[in-house]
Structures are given as C-alpha cells and as structure tokens.
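The opening residue of the sequence shown carries number 1 in the UniProt record's numbering; numbering runs sequentially from there.
Since the structure comes first, as structure tokens, the remarks are kept for the end.
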Amino acid sequence: MTMVSDPNSQKLAGWAVAGAENNQNAKVIYLTDGLLKERLLHDENFITKDTQLNRSIVFFIDEVHERSVNIDHCLALLARILTLHPDLKSKIKLIISSATLDTSVPKLFRQIPQVTFAAFEMPQMGTIYPVAKVARPNENILNIVQELYQDRRRYDQILCFVSSVKEVNECVTLLKKITGGAITAYPLVQSQQASVQQEYIETGSVFFSTTVAETSLTFPQLKFVIDTGMINVPVYDPQSKRTVLKVGRAAESTIKQRLGRLGRTQPGTYYSLYNFKVEDQRYPIPQICQSDLMNIEFSLRKSPLHKGLEYMKNFLPDKPPQPSIDHTVQELRNLGILENAPSESLTSHGRALAKLPDFGSLAMSKCVLAALKEYNCGRDLIVLSSILSVLNTTTVLKSVPQQFKSADGDFMTLLNVMDQILLVKKSVKSNEFRLEPICQSKGLTGIQHIIKQALRRQISLEKSFNLSPDFRTQAQVKSNDWELIAKSLLVGYYTNVFASTKELKDRHDLFVRYNDSIDSDIASLDSQSVLARTVNKTPPALVIARDIRYSTSVRSKAILSFVGEIKPDWVEYQVTRNLQLNSEEETRLNTNNLFKNAVSKFSHRISMALNNTTKSAKLSGPAGTVFNGELHLRQNMEEEFQFQLDCTNPLSPAKRTNLTRNLESIMKMPYIFKPMQWRWENQKQVTITINCNSSTKTCDVTVKGRNLEYKNVKKEFDSFLKWLQDCAVIRHPNSGVPPRVFRPQVRSKYLDIEERIARITDSKRTTVDLYNGAKGTKATRESRMEVVAWIAVCLFSCKLEGGFVRDWVIGNYTARPAGLTGNPKAWISYTNGVPYLNREVVPADLDCHLPTHAYFDIDRFHDELYKYDITCKVSRQDWRYVLLIDEDAPTGPFTMDLIEPHVALTHDRIDFDVNDLSLEKDYTHEIGMRVDIQQRPYLIEIEAIVDNIKNKRFQVLRPIDNFLTERIDKMINIRHWTQMGEPFSVVPNPNPKYSAVLVTLPPPSKLYRDLQTEMQKIGSVTIVSIEQVKNPLLEDTYESMKKLIAKQCKGSNPNERSLFHGTKGEGIDGIRDDGFDDRYFSPTGNWGHGAYFADDPKKSHGYTAADTTDQTHVMYYCKVVLGVESKQTATNQQLVSAPKDTHSVVGTLGGFTEYIVYRYGQALPYMKITYKA
C-alpha cells in the first residue's frame, strides 16, 4: 500500500507511535489511536478554516468495534469539531471501519447538522475458503485439541481462544503434561515480542490466545479455531475504587473476528464451546463506560478545552454513567488537583501536573512531579516510568538476570535494567547504538522487546522535558537512592501501601491495605515479584504496589504487582487505626504503664488514646509512625499464658475416668496437636507449647500471644477436653482397618466401586480429568464432589469417610428434594450460622479427617477449589471447619466437614455399620474402616457392609439417643433404608493398661428404659447411671465358652440369657476387670459353689450394699450362657459343677428363680447399674 514504483521518489506514507516516528510529512500517516487522540485534543491548529488543502483531510479509524477508550475519545473529538466548526465540514472526511458497528456511533454523527453519514456494508463475499461451524457446548477445550490433533494433517494448525492470559498459560502447561510432551502448544499473548510470535506461528501447530489483536498475523496452515466464547474485561467500581477483572461472554463482533482467522489459506472448521446465542450481545460494552475515568478527566481539563467529561459526554457515542463522572470529579478535588466546587479550575498543584507529559496515569504523574520538585530524583522516576508504562504483566521479572535484581523490590530491579542499557547508550554515538548485542551480553534477550519499547518511551519523555522551562534541569537529576524514589512513588500510590499480616499478628503470607479500616483489602504478592518469599522466610513488613489486581473469583484476595519494600519512616500519609482490645488487654495496657510508655514514645508524631467505651486503642497521624506504634502496642499485648489439661473440673465418675485414662494416652502422643500448633502459628502468630508431665499426669500448655487469641486457644482445648471426657477410648492415629481390596469372591461385582474410589484417591489423576469432572459437559454435582474430595485426599492427605463414601462411592445413589430440583439454593438452611442441606439430598456432604502429620492451610485449600471454579464459604468451629460449596452452582450445593485430627481421635464410636468405611490417598482400589468392627464379637467385614449398602440396609451400632433417633428416622422415612435387627453397642477396646472400660448408656435408649422399668421391681429406685462394660479378654473367653456349649446343645443353641447379679465392695471392680472368677464363687449358696444370677432384680438387690460415701448400690446386668439347664427346686449346697450333661442349674425357691453357672467364662458382665434404693 505504501510502495511506489520509483524507489527514489518521495515516500507516500509515514508512521508515528509513542516515542518514534518516520516520514511525518508524508501524505498518508499511520497513527496509533492514542497519538491521534493527543493531536486532536492538544493541537488546536491541527486543522482550521485557514488550512490550505487541495482536498479533504481523511481520517480513517479502524477497529472501532473494539470500543476502546482512545477510539471513543477520537470519535468524540471529531464529532465536537464538526459540531462547533461547521465551516470545517468540507475539509474533513471520516471513514469508520468496523467488523460490526453499534448504532450509537452513526447516531452520534447523524445528529450533527449538515453532516452526511453513509453506511457501506461489504457484500457477503465470504472467505477465500469455506469455513464449517461445529457446536460443542461446554466441552473441555483440551479434549477437543487432542481429538483434532490426532485427526489433522501434518501441517494443520489449531488456534484456541480462552478468557485470560492465566488460562492461556495453564492450557499450554496442561496440554504438554497430559500428553507426555506429545503435543506442544504455544501461547500468543500481548507481552511477547512480535518476532517470537512470528516464530511460533511459522513452526507451531497448537496455539492459545485471548484476543484477535494478539493473533493478527496470518497463520500459514490454520485449519481449526476452538472458541470458548469468553473474555476477561476490566471493570471499575467507583464505590470500592477497584478495577476488577470479570470473565464474561464475548460480543458478536469479537466472535466474528475470532471466526475470521479461518478460511484464509485453506478450508477450516470453527468449534464453538459456548452455549449462549451470539446475536444476544452484538457489541461489547464501551470501555469508557466501565473504566476508571480519573486520567481521562484530568487529560481533558489540562488540555486547551479546560473542560471535563461533564462537557465531553455530549460528544461521546455512549455516555459514561453520571455517578462515575461525579465520583471522578470529587476524587480530583480530594487529591487537591481541582479546586472546591463550584470552581472548575485546576489548583496550583493541578496546574503543575498539567505541565508534565502524559505518563499514562495520574498517580505516576504525581510521583514524577514529587521526584522533580521534592526528592531530587527526577531522572530516576522518568526512566522508571518509561519501562512501567509498557508493562501490564510481571512476567518480565522472571526473565531478568539475578545481577539486576534488587533486594528493594521490583521498581529498583527494573530501574537497574534501564540504567544499564542507558549507560551503554550514553557511551556510544547515537548511530552506533545497537540494542540487540547489548541485551545478549547482559542476558536480557528475553525482554529485549520490552526494553525497546521502554527506550522509545524514555526518548519521547526526554525530548518533552528538554523543551520544558519548568523541569528541564530537575529532569536530569539522578539519585539511584531507593528511599528518595520510594518517597516519590508514595506521593502517587500512597493508597497502595500494604502491611504484612504477619507483623499485625495474623497470617504469615498475606498483606493488608494499611488504611483506616482494620479489615481492609487482603492481598498476596505476585509470585513473579522479586520480593516473593518462600514460606520459611519473613515477608517484608511494608510494601508499595503499582498494581492491585482483583478478579471475580470466589477468592477475595487481591494480587500485588510491581512492588517495593518500604520503611515505615518514609510513609507520611495520614491514617487512623482503631485497634480492638478485650477487657484484659485494656487492663494490661493501663496497669503496667505500657500504654503510657507508648504514648511517650510516639506522641510527638501521632495521637494515641484508649477508648473505654469501644474497647479500642486509637492511633492517628502519619501512617509510618502509626504502623510502628501499632506494632509496639501489639507486641506489648503479647503475654505468656499457662494452663493444664487435667481432671480438676467436677465431673461424673464415668467422665472423670474417661478423661483420666484418655489424658494418659494423650501424654504418649503429644504430636497429635502439631497441626493445631502449626495452624495457630501460621494464621495468628500464636505459639503453643505442650509439655507432658508424667509425674503429675497432666499436659502443661503454654500459649504466647494476645489475651484475645489465648482465650480462643483455651476455648479449643476446653472443647477438646469435653470430647475427651465423652470418649470412652481415644483412638490411635493409625487405628481402624487399613484399606484393602475386596475379597476375590466378590471383587468382580464391584469394579464400578473401584472406579469411583480411584477418582477420589488416585494422586496421578490428570488435571484435564479433574477439569472434566468439575466443568465438563458431563459434570454433575457428584463429579464436582469427587473433585473436591480428590483435592482433600490427594493434595492435603485427608481421610474421607461417612455419608459420601456410603451413598455415592459404594451405593451410587442420588436424590433431590421434591419440588426443589429447579432451585438448588433452597436446599440450604442454617443453624447457629452453620449450613445444612435438606435431608432429602443424596449424597449430602463430604466428611474428612484432617491429617495428623501436616499443616492444613484452609486458604490454600480454598485456592485449589477456585482453580476448578468451585466456590466455597468457610465457617469455623472449635473442632472443625464447615464448608458450604457451590452455593450458586446450577448443579447444586453441598457441605463439607473438615475435622481437626486431635478431635477426630476422640470419635471412638460408630452409629451405623454403613457409615464406617473410609478412603485414603493412593489406595486406588482399596477401602478401609474408621473403627474396627471386624473383630469379635461383632465380626462385621467390609464386604458385609458393602452388601448392606447395595441393598439399602443398615445396622445400628450404638445405643439410640435423641440424636441417633433423628438419623435413623432420616435413613428409614426419607431415604427408605431398612434397619436390620435390634441395635447393639460397639465399644472400642480399652487402653492395654486397663482391663475394661465403661461407656454410659444414654437414657433415651430402649435398653436403658427397659432396665429402668425392671429395676422398679425392687421398690423406690433411682437410677444414677447405666454403663456398658467393655472387657475384650472376658468377651473373648465368653464367646469361646458360648461356642463350646453351643456344640453340646440341641440345634447349637447355647441358651444365652440376660440376667441380674448383685454385688458389693471389691466385687464391683473385680467383676468388671476379671469377670466371674470361679475362685471367688460363693460356697454357701443354695446350689453350691457357683455364680448366682436372677431374672428379678429384687432378688439380686439383696446381695448389694449401699456405698458409705454416696449411698449407691451396684448391680450387673449380665450375659449368661445356660446351655442345657438342670432345673431344681430343692437346695443342694454340695454342688461344685452343673450335673452331668448339663451346663447350669436353674433353682426355684421362695418365689424367686436363680440361675447358677460353675465355670469361668460362662457369664459376662454387660451393664453396670448404679442406683439408689
């Protein structure tokens, strides 16, 4: 287009970009939209009625459909010229080129009198080659890439459009990983140099990009375009003063351009992965309607117009929202740039800023002005702004060699790079300067394209300052002093100062905006930053950031980009902080003169006061000093607290026994508290030390932190003590049944179960497979639950157990509430702030035990969920996290319990057999048991449990109380399962140190009520407690004796009865620990030397005696194997065994029936009844 036949003739065309130009006097000039805007805005003589022209000036504006801020600005300025200067209409012709055009653009020009606006639409000639369209809504883009890659011809190319640069890089990495390197994909993003993109396009086959602008080069063999239909758009919110990246659907114009990549060199196919109607949004929302207007407003007011958007909005195709305009004007007044209303004039500070070149943002202009006028580092800031102006991503920092990296952060690192290049440039003649060899020698080839742009910008700024009478001299002053540079940056970016939450006694790895709000924006450092530290290194206390990136993710955490470490003494902006205290902290600050001393130390610069009403310390003044004062107070509020885990609280005898014994076990494994200690250290900077004192049989706990946090720690330990006293036997971390495969006889029936197990436990599961489970076309609520379970099990070493294993992994059952299938959010209800799901939902939740050997970081878990677009709300209780997941997902919400490992060890009971199964990492075909019920006397194996689940049957394995009644009701009446047989109680074996353990029988249970009724036969009886006796050695002996006797009985019926036995004194503990020992049988009984039992407790009551301390009696309710009975009505005190061919004597005398056995192990103490009569 710019070529002529005679190479020596005058060139037809020239060009101009920021900082560089060529053949400016040519008849055809190519300009960026930004430069055209600047010329139209600032050059009043650009075109006048006196301009001599043979023909009209033609403005050809391309890519108008993108509706960028600069394009809309250019249109507005041209519309203003044509409106205010009708005499220029004959000298101006405007050609607008656009793939599609919003009606607001032609409407703008058609409303100008005597302006003709004609539309010319290209005939639908189509592409050179045909393009087919294939709809694959919601499918995984990587799956389609692999599918097409296998079927393509050798040189065919595949171009994929996704929403963000982050997604581009993820897809490139994932594709290489899941194909084992067989497919190499290339990113095409804005930060790359054109030569790199050209090399990729010439040699590559698969590409990922975000916009057409980054793929404007023609692909030689493009065959396929895969389009997600999504795009990332920055949207400014005036209320929060944040620009947030929002993922949304692309407009029809954008999709047309993506489609238009095809059909240029060969026939092609366009794969659409979106499910929306393209024509529903024909045009993108103009950027000027959703951008921060501050720089635009100031550029208009400092221009010859001296008017802002309130005036210019009348010439824009689409007006920005009026609240945004009003907010922008007020912000300029708050910054001292615009005089107070009703004046519309710039202040002296505003006029000084107006004398500067455009630095792309008002904040940077303020920084440069401060550097020029106050801090004597003008050249440093001008050079630094040159490279920052061409950077919108921190990936460049990764390519900077180590020798340039500064401990002060990213700003000085970039300045070091620029200074090195400029030093070489200054040492040679201008015509001898070559950037490429310099970058090669300095190791900067990877960012040469960035440096080239930055140099061009620096040259442009240098020319501007050389022409400035106000700043020419100051612009040459260089300090290379980070303190001065940082102070200059603080003038423009003071609202971007962030403090390490570690310094503020919170999380180790986060930062918080340091302003008037204690709970302000939470952020983390960009991983590419020079200041990004490993976990074990102390983060910088204070940083200043140029960019704060927010996204519409479920994570409220922002990312700080381009950051520098600053000293508190440098930070002078005003701030007020209210540090909340509790009563004890307030007292400590007052009584120990701690606050008084702090006031004397800092009051010369800041105001400090305690407010008794609000229970807070108020600090006001320069932010740096306030920060030091706050740290001083926080450090002085730290104390060392001590308490013991012991049995001093008043408890019932049973609970005291449980607590005493369990504490003994805890003393042998204090490591179970490590995850708790790590959590408090990482999240609140609280140090917990636990020392086990064997002499006093207590655990001594030392807590170092604020009183407020100490109380929360103490609350957790108190909660744990309650679990301990209710727990019969604390479990060992490795107790239960280790995962194993199904028995060979049934394994072939359960291959589908093993597939579901693997989807949760296989750590080698690919990311694409996980993406499909979370976001694929076939993704369901259950597949998303599997992804969450996989993250918990495989990435965080949790154990999964409970309802999800039962209902989904084994049963493959699903159910939804009747009438609410179309409104999943209605499934959620709350009790005391904790979310619960409708009882009809199956599967309902995920139950996990957190690991004992690793720190569980809830924020990192949250981040892992976000990678798969899974939302999460966290509730914290003393013993667990409760998560509400997918609250707004169309597939439906679910909850998740994450139970602290030390608390999980106190969960020694199991309610139903079908709830006892568990899954662990890398046991991809195996399943285990949380509580071992395979042992005698229960003998319930995994296969039996699975068979019950498959047939919707369950056994109750603990006494039924009110809580269990509700669960049984849900299983039977809502989920339509069948309860098998009568409940029986599974109690874990006691600590090997003890023979037996007693477990309280809940009063609502049927057995309790039955025994209570029976005991009334004695007379006026008050039950104090009924406790189940668990003595495994006695049980084994009894079960063996029962089998032996059963062999000798008709029909193998051992004739087992439940009978009463009264005792007193040493016999109470003796029977509990050693059973009915034949060495201590009564020799004077009516039927000789045996153990006597009765079916009427009134008879047994006669053998008890009241305890002298609390007047209680004890009676045992026992299991007795009677076998073949010898029925007798006359006494026979000579008996030392049952008569031949019998196993017991049943004697009747005086209206009572007694049952006598003569061998050890023939009776088992089952329930211990303590009562008053």
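Don't be surprised by glycine CBs; every beta carbon is placed ideally from N, CA and C.
Note on geometry: alpha-carbon atoms of Val134 and Leu384 lie some 49 Å from one another. DSSP places His849 within a strand segment (E or B) once states are collapsed to three. Along the length of the segment 962-1050, whole beta strand (DSSP E) runs at least 3 residues long occupy 997-1000 and 1022-1030, reported in chain order. Boundaries of the beta strand (DSSP E) harbouring Trp15: Ala13 to Val17, taken from the DSSP string. The beta carbon of Ala609 sits closer than 6 Å to the beta carbons of Lys618 from its chain, once the five residues preceding and following it are set aside; these are given in chain order. In the structure shown, Lys277 falls within a coil segment according to DSSP collapsed to helix, strand and coil. A straight line joining the alpha-carbon of Ser603 with that of Met896 spans about 50 Å.
Check the Cα spacing between Leu531 and each of Phe511, Tyr550 and Ser600: the tightest is with Phe511. By the Cβ neighbour-count rule, Glu716 is buried, with 16 or more other Cβ atoms within 10 Å of its own.
Secondary structure within the segment 620-647: the beta strand (DSSP E) runs of 3 or more consecutive residues, fully enclosed, are 638-645 (chain order).
In the three-state DSSP reduction, Asn712 falls in the helix class (H, G or I).
The shortest CA-to-CA distance from Asp509 to any of Ala354, Pro539 and Asp408 is the one to Pro539. Taking a contact as a CB-CB distance under 8 Å, the pair Ser583 and Lys615 counts as one, their CB atoms being some 7 Å apart. In this structure His976 is in contact with Lys952, their Cβ atoms being roughly 7 Å apart against a cut-off of 8 Å. DSSP, read as helix, strand or coil, puts Val189 in coil.
Contact holds between the segment 728-746 and the segment 914-931, because three or more Cβ pairs, one in each stretch, are under 8 Å apart. By the criterion of at least three beta-carbon pairs nearer than 8 Å, the segment 498-506 is not in contact with the segment 573-582. Less than 8 Å separates the beta-carbon of Leu346 from that of Arg301. Cβ-Cβ distances below 7 Å link His902 to Ile672, Phe673, Met676 and Phe720 in the same chain, with the five nearest sequence neighbours on each side left out; the list follows chain order.
Taking one beta carbon from each stretch, the segment 697-706 and the segment 720-731 have fewer than 3 pairs nearer than 8 Å; the two do not touch. One Cα belongs to Asn597, the other to Lys373, and the distance between them is close to 38 Å.
Counted as a single uninterrupted DSSP element, the alpha helix (DSSP H) harbouring Lys425 occupies residues Asp410 to Ser427. One thing to note: Asn838 has its Cβ within 8 Å of the Cβ of Leu820. Counting along the chain, His1061 sits inside the beta strand (DSSP E) bounded by residues Glu1056 to Thr1063.
Within the model, the alpha-carbon separation for Gln458 versus Ile296 is close to 22 Å. Cβ-Cβ distances below 7 Å link Asp547 to Ser561 and Phe562 in the same chain, with the five nearest sequence neighbours on each side left out; the list follows chain order. In the same chain as Asp1073, and ignoring 5 residues on each side of it, the C-beta atoms closer than 6 Å to its own belong to Ser995 and Ala996, in chain order. Residue environment: Tyr375 is assigned as buried (16 or more neighbouring CB atoms within 10 Å of its CB, all protein chains considered).
In the DSSP assignment, Lys684 falls within the alpha helix (DSSP H) that extends over Lys674 to Lys684. Excluding residues up to 5 positions away in sequence, Leu293, Met294 and Glu297 lie with their Cβ nearer than 6 Å to the Cβ of Thr328 in the same chain. Nearest C-alpha to Thr218 among Val206, Ser205 and Gln198: Gln198. Per DSSP, the continuous beta strand (DSSP E) segment holding Gln574 begins and ends at Gln574 to Gln580. With respect to the 8 Å criterion, Phe861 and Phe796 are classified as neighbours on the basis of their beta carbons. Distance between Lys176 and Thr814, taken at the CA atoms: about 36 Å. Apart from the 5 residues on each side of it in sequence, Gln287 sits with its Cβ closer than 7 Å to the Cβ of Arg67, Ser68 and Val69 in its chain, given in chain order.
Between the segment 1107-1125 and the segment 1136-1143, the count of C-beta pairs closer than 8 Å reaches three or more; the two stretches touch.
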